[in-house]
Each structure stands twice: as structure tokens, then as C-alpha cells.
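See below for the structure under consideration.
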Amino acid sequence: MSPTQTKNSSQDLLQAQVDLWHHALGFVKSMALKCAMELQIPNTIQHHGGAMTPSELAAKIGLHPSKLPRLRRLMRVLTVSDEHSTSLFKKAHGLTFWEMADKNDSFNQSINNAMVSDSNFLMDIILRECGDVFLGINSLIDVAGGHGGAASAIAKAFPQMKCTVLDLPHVVEEAPTDDHVSFISGDMFKYIPPADALFLKWVFHDWGDEDCVKILKKCKEAIPPREAGGKVIIVDMVVGSGPNEIVTRETQVFFDLFIMFLEGIEREEFEWKNIFMQAGFSEYKIISMLGVRSVIELYP
Numbered sequence: 094m095s096p097t098q099t100k101n102s103s104q105d106l107l108q109a110q111v112d113l114w115h116h117a118l119g120f121v122k123s124m125a126l127k128c129a130m131e132l133q134i135p136n137t138i139q140h141h142g143g144a145m146t147p148s149e150l151a152a153k154i155g156l157h158p159s160k161l162p163r164l165r166r167l168m169r170v171l172t173v174s175d176e177h178s179t180s181l182f183k184k185a186h187g188l189t190f191w192e193m194a195d196k197n198d199s200f201n202q203s204i205n206n207a208m209v210s211d212s213n214f215l216m217d218i219i220l221r222e223c224g225d226v227f228l229g230i231n232s233l234i235d236v237a238g239g240h241g242g243a244a245s246a247i248a249k250a251f252p253q254m255k256c257t258v259l260d261l262p263h264v265v266e267e268a269p270t271d272d273h274v275s276f277i278s279g280d281m282f283k284y285i286p287p288a289d290a291l292f293l294k295w296v297f298h299d300w301g302d303e304d305c306v307k308i309l310k311k312c313k314e315a316i317p318p319r320e321a322g323g324k325v326i327i328v329d330m331v332v333g334s335g336p337n338e339i340v341t342r343e344t345q346v347f348f349d350l351f352i353m354f355l356e357g358i359e360r361e362e363f364e365w366k367n368i369f370m371q372a373g374f375s376e377y378k379i380i381s382m383l384g385v386r387s388v389i390e391l392y393p
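Take a look at the structure:
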């Protein structure tokens, strides 16, 4: 298969994934519309007689100021065609998503199986389409890397690289034996072992800005200066990046509203930049080649 055919095949697979997610999350648009009607947003804007800022709209509908970021995210869904309060997941189960994973073996296994499946699909494309981001790296730690699906793929593609997975003890205990990858039990909020580069795939969208800054600061402590090759490689969603198509845009904002129930957030570029700068990083580069997701190279 020629390079052009391979690239087209990769893009077809990624587009198929976007289409699948778009259909699976389509109910979010109906939920958003129902929410807008219950808050009387259309009537409020009409009675105002023109455009309103989110702050003005929140004041008019009697929404508490702390909910303004969520209103903005709701409006983002409706207009595409700081810390959150207790999530719906925690209200329903009495535990956060990750607390549930720690206490429920079956739930934890389902999460890890899903992450391995995602890595099996995505890493082949990442390594083929933008594998240059891993060149020159001698040691890499996959932070919150689960059972090592992503790290194993990287290690096989770059045999000279020492690849390690850092995750919580209950995750590492269940990890399969892998000759290409080593595992370390730990908490990314407390300490990340030193390495040339860190890899975080779909980690930050699970956490609010304050927690993300804490993780990023630990990342910065773990890597050498940029001149010595230090960097953080992030695979996550950058809302507004990627193919400029309605299906892509809607899928991104559907994901954002959907993940709100876990207290997560899908960020636009300016929101990513904000947490990067707060954590003390100096520069970043976004590579939008993964459907609704992107690769971000972050430098100290």
C-alpha cells in the first residue's frame, strides 16, 4: 500500500470513529434543547431584543454565577449547527467515577478494557501519521496509562526507547505482563518519575482546570529542559480543531456536554493554553490529525 493510500485509509478510519461517536452522542443535542427550554433561554433572548452575553443571560434566567461556565458549554452545543459542583455520576452513585473504579473491580476492568481498545485503534494511526513526535526520546512514561496498550505500541515502534506506565496500584495489579513495558504504581497528583518525555492520552478531559494544573506541574518537574529534549505529549480533544465539518464540531461539543456528568470538560485551544501557562509551560503545538482528537506537544 502506498503512503497516500495508507494516509487515506487512516483518515477513513478516524472519520468512521467520528461518525460513530456522533450518532452515539446525538441524544445530547436533545438534552441540551430540553434544558434550554426549561431555563426559558429562547424567550429570554427574544424579550431582550438582541444578542446577550452569557453573563447577561445567566442573570436574566436567575442562574447562579458559579454555573456560568456550564451555561457557556450548553450554549456551545446549541450554537454549533473553575471547578464544577458535584457531578451527576456522584449524585447517582455516591462516588466519583474514579472512586467507583477503585472500589468496584468489574467497573475498573471495563474502564481498562475500553482504554486498551481505544489504544489499539488509535496508536497505530498516531505512530503512522505523526510518529515524529517520539523521535529522539530515550525514556517515556505513559501517565495514567492503564494496562499499557499505548506504551506497548510506542515501545514496539521505537525499540531503543524505555517505556514505563504509571498508574494507580489497583490498575497496575491487574495489568498483563508485557516484555516491552514496565509498570510503576503511583499517583500522578503526587509524583511522576523522571523521563525525557511524558505521554498522556485522554487524561486531562477527566479533570477540572485546577486539577489539570496540578498534574501539569508534576509533569514539568519530571522532564528535563526543552534544550535537553524534555516535552509532554498529549492526546486529547481540542474543541474547534480538526476537520471543519458539522459532524466533527457537533461530536466535539456532544462529548463536552456528555462528560460534564463526570465533572470532565473538553477544552477549546484558549482553555488549553490557560492551564499550560498556569503550570509554567512556555510553548505548545497542536497537531490536528486524529478526527475529533489532536496531538499536543507541550514544552517547558
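Residue numbers (the working numbering): 94 to 393. For glycine and all other residues, C-beta sits at the position ideal for the given N, C-alpha and C.
- In summary, residue 235 is buried, with 16 or more beta-carbon neighbours lying within 10 Å of its beta-carbon over all protein chains present.
- Cβ neighbours of residue 259 within its own chain (closer than 6 Å, five residues either side excluded): 234, 236, 277, 279.
- With at least 16 other beta carbons inside 10 angstroms of its own, residue 353 counts as buried.
- Collapsing the DSSP output to three states places residue 339 in a helix.
- In the structure shown, residue 369 adopts helical secondary structure according to DSSP, grouped into three states.
- Per the coordinates, the alpha-carbon of residue 133 lies some 16 Å from the alpha-carbon of residue 166.
- Under the three-state reduction of DSSP, residue 150 is assigned to helix.
- Inside the segment 283 to 330, DSSP marks whole beta strand (DSSP E) runs of 3 or more residues at positions 290 to 294, from first to last along the chain.
- The criterion of a C-beta distance shorter than 7 Å is satisfied by residue 289 and residue 231.
- With fewer than 16 other CB atoms across the displayed protein chains lying within 10 angstroms of its CB, residue 146 is exposed.
- Taking all protein chains in view, the Cβ of residue 194 is crowded by 16 or more other Cβ atoms within 10 Å, so the residue is classified as buried.
- DSSP places residue 233 in the strand class (E or B) of the three-state scheme.
- Rounded to the nearest angstrom, the gap between the Cα atoms of residue 339 and residue 173 is 8 Å.
- By the CB criterion at 7 Å, residue 222 and residue 324 fall outside the cutoff.
- Inter-residue distance for residue 191 and residue 198 is about 12 Å (C-alpha atoms, whole angstroms).
- The segment 304 to 318 makes no contact with the segment 380 to 389: fewer than 3 CB pairs, one atom from each, lie closer than 8 Å.
- The beta carbon of residue 319 lies closer than 6 Å to those of 392, 393 in the same chain, with the five residues before and after it left out.
- Boundaries of the beta strand (DSSP E) harbouring residue 391: 386 to 392, taken from the DSSP string.
- Ranked by Cα distance from residue 298, the options 330, 273, 281 are led by 330.
- Annotation: residue 272 is outside any alpha helix (DSSP H) and is labelled neither H nor E by DSSP.
- Shown here for residue 369: same chain residues with a beta carbon closer than 8 Å to its own, the five before and five after excluded, namely 309, 377, 391 in chain order.
- Ranked by Cα distance from residue 252, the first of 261, 238, 229, 268 is 229.
- Per DSSP, the unbroken alpha helix (DSSP H) holding residue 137 starts and ends at 134 to 141.
- Taking C-beta atoms as the reference points, residue 243 and residue 216 count as a pair closer than 7 Å.
- The Cβ-Cβ distance between residue 170 and residue 129 does not fall below 7 Å.
- Put simply, of 158, 382, 355, 373 the residue whose alpha carbon is nearest the alpha carbon of residue 187 is 355.
- Closest in C-alpha terms to residue 336, from the list 380, 143, 255, comes 380.
- Under the three-state reduction of DSSP output, residue 375 falls in the coil class, being neither helix nor strand.
- The residue among 224, 212, 131 with its C-alpha nearest the C-alpha of residue 245 is 212.
- Here DSSP, grouped into helix, strand and coil, assigns residue 251 to coil.
- Separation of residue 159 and residue 140 (C-alpha to C-alpha, rounded to the nearest whole angstrom) is 24 Å.
- Each of 372, 343, 371, 373 was checked against the Cα of residue 359, and the nearest Cα belongs to 343.
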